[in-house]
Amino acid sequence: MNRDIVAPRHDRLHDLLGELAAAQWAVEDAVMVVDGGLPIDLTDYLTARARLDLAVTVWNLRVVDRPSREVPRVPLTPLASRSK
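No gaps in the numbering here: position 13 of the sequence shown is 453 in my numbering, and each next residue is one more.
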């Protein structure tokens, strides 16, 4: 399967960084309702987490595929796999 079909290709670094930031904000927005005493909408949360996980995966693939002078070699870890 072609990776470009599964994940959008971010040819410019700032596009990918913007997607990472937007995906993180989407997760925060989905969880923020708890502060107001409301339950989390599971569909919104799972959609936001999938977007964030995809952005992290694309970043990590870019780190592996690109020379170090083009992108900082800082692999990211999805939130779920971080130690608690």
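We put the beta carbon where it would ideally sit given N, CA and C, even for glycine.
By a C-beta neighbour count over all protein chains shown, 10 Å radius and 16 as the cutoff for buried, is W465 buried or exposed?
-> Position 25 of the sequence shown holds residue 465. Exposed is the call here.
Would you check if there are 3 or more beta carbon pairs closer than 8 angstroms linking the segment 453-464 to the segment 480-496?
-> yes
Please report how far the alpha carbon of V498 lies from the alpha carbon of G458, in whole angstroms.
-> Locating residue 498 in the sequence shown gives position 58, counting from the first residue. Locating residue 458 in the sequence shown gives position 18, counting from the first residue. Rounded to the nearest angstrom, the two C-alpha atoms are 13 angstroms apart.
Specify the secondary structure class of D481 as computed by DSSP and reduced to three states.
-> Position 41 of the sequence shown, counted from the start, is the residue given in the question as residue 481. Coil.
Which residues in the same chain as D481 place their Cβ atom closer than 6 angstroms to its Cβ, once the five residues preceding and following it in sequence are excluded?
-> Taking the sequence shown and counting its residues from 1, one reaches residue 481 at position 41. There are no such residues.
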